[in-house]
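Written out below as structure tokens is the structure these notes cover.
In this note's numbering, the protein residues as written are 79 to 537.
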């Protein structure tokens, strides 16, 4: 299941006026639940003073035959009441895809957006069929029908083709108004990917007896962080200008800024985005979280490399925590740590795991790292000779019991040592005992001894 709830005020005149908000508060909520792997149900509601709308729907997977979905909603407002209905189908198989979708409204249907903008369309229908192949590229045909209150139908047909030739890509599209023959647009674009992520491209578009040319170049900001930029220039009758933008993605957020010019109008803009996350009794400043995230804990051990899908994504902080904000919701994301960078005196339950957070949420990932008191202990007999290889060692006393085997040179490794330790060693000559104190030595596993193992009869 997933759900969301929102409370706020509607932003008006977006892009035209700053800080222009409606006076009345608006509320909305959505809920989805998977009854099975094939059937998901959902509900949505929204309201503002003088208007309320609510609806429900479902999506059904028809095996390999595609997905069928539909919904219905009802609204009540000052102008009256109305309804909305939607039904759609999509299918994808290998190189082929097909989709149908139809939405219709009746009477005085309204939603919160319609309170401050244009009325919703009476009819909105779409059909699409596509095919792709390595030789011919990707090709699709689509049909769109729209009808707004008080207007006639608007029907459009579109054809699109694209093909990659190594680093070079070509695309061509044709859009035709089926109700007005002169309303036609054609677009052709070419782009190329160069070394170090650099992209260059050019396009030409013909629409309403006007031709527009444009060129562009960009170097995207690396996903792991760093600098990026893009620039564009275009020319055409009554439509010329350009833009330049640069950005930086750091550990705690992203900063972008640029300048645009269109005909005789210019503007300068900047944007700073980031996030604050509270989880596991810790607060993290991070990049913007758009999907899902995880907080990795290494139980207080700092500087441990953390990997996402086998790539190092960061290191744990002084508290042994790291926020990983680039996870995919509802999917298995492989997280791992590198045990080679852990202290020698720790024990790890696991070095990798899968995190599956829900949308816009996070999960706490722990690897079960525990500090141990360990040492390599040299054991000798009464003559000073190392105890025989393979002799069995058992710990006794108030602490946890453990066992081990003596190796070469009489050395045995134990990782559950106490302040005072008593060992019983079983040799071919009979059992013997060793008593010693251990104070610990931080992150290094020391070698201590030699300790003489006294025959049990003499203790």
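We put the beta carbon where it would ideally sit given N, CA and C, even for glycine.
Following the DSSP letters along the chain, one finds residue 125 in no alpha helix (DSSP H) but inside the beta strand (DSSP E) bounded by residues 117-126. Between the alpha carbons of residue 198 and residue 261 lies a gap of roughly 23 Å. When rounded, the separation of the alpha-carbon atoms in residue 224 and residue 286 is 20 Å. Taking the Cα of residue 158 as reference, the smallest distance to any Cα among 503, 102, 184, 364 is reached at 184. Sequence-distant partners of residue 109 (beyond 5 residues in either direction) whose C-beta falls short of 6 Å from its own C-beta, in its chain, are 81, 121. Annotated three-state conformation of residue 486 is helix, per DSSP.
Within the stretch 383-446, the runs of beta strand (DSSP E) that reach at least 3 residues and sit entirely inside it are, in chain order, 383-386, 389-393, 399-405, 411-415, 424-426, 430-433, 440-444. Taking C-alpha positions only, residue 127 is separated from residue 155 by approximately 9 Å. Residue 237 and residue 252 have their C-alpha atoms roughly 5 Å apart. When the Cα atoms are used, residue 289 and residue 312 turn out to be separated by approximately 11 Å. Nearest to residue 385 by C-alpha distance, out of 150, 344, 115, 402, is 402. The C-beta separation of residue 232 from residue 239 comes to about 24 Å, leaving the pair out of contact by the 8 Å criterion. If the five residues before and after residue 162 are omitted, its C-beta is found closer than 6 Å to the C-beta atoms of 151, 183, 187, all from its own chain and listed in chain order. The stretch 433-445 makes contact with the stretch 401-415; the number of CB pairs closer than 8 Å reaches 3 or more. Comparing C-alpha distances from residue 391 to each of 347, 464, 301, 335 shows the shortest one belongs to 301. Annotation: residue 376 to residue 447 spans about 6 Å, alpha carbon to alpha carbon. Remark: three or more beta-carbon pairs, one from each stretch, lie closer than 8 Å, so the stretch 290-299 and the stretch 322-338 are flagged as touching. Secondary structure at residue 332: strand, using DSSP grouped into helix, strand and coil.
Using a Cβ distance threshold of 9 Å, residue 457 and residue 508 do not count as a contacting pair. Listed in chain order, the non-local C-beta contacts of residue 203 below 6 Å within the same chain comprise 180, 223, local neighbours out to five positions each way being set aside. Distance from the CA atom of residue 308 to the CA atom of residue 283, rounded to whole angstroms, is 21 Å. Straight-line spacing of the CA atoms in residue 314 and residue 277 works out to 23 Å. Here DSSP, grouped into helix, strand and coil, assigns residue 156 to coil. DSSP, reduced to helix, strand and coil, places residue 194 within a helical segment of the structure shown. In this structure, DSSP gives residue 288 an extended state, which the three-state scheme calls strand.
Annotation for residue 467: 484, 485, 486 place their beta carbon closer than 7 Å to its own, counting only its chain and skipping 5 residues before and after. No residue range can be given for residue 276, since it is assigned to no beta strand (DSSP E) and is classified by DSSP as neither H nor E.
Taken in chain order, the unbroken stretches of alpha helix (DSSP H) that lie wholly in the stretch 189-237 and span 4 residues or more are 190-194. By DSSP's assignment, residue 319 forms a beta bridge with 312, 340. Going by beta carbons, residue 209 and residue 164 fall outside the 9 Å limit. Residue pairing from DSSP places residue 499 in a beta bridge opposite 514. Straight-line spacing of the CA atoms in residue 351 and residue 440 works out to 19 Å.
If you check the CB distance, residue 118 and residue 137 come in under 9 Å. Residue 310 and residue 380 have their C-alpha atoms some 44 Å from each other. It is roughly 41 Å from the alpha-carbon of residue 178 to the alpha-carbon of residue 343.
Between the alpha carbons of residue 169 and residue 140 lies a distance of about 10 Å.
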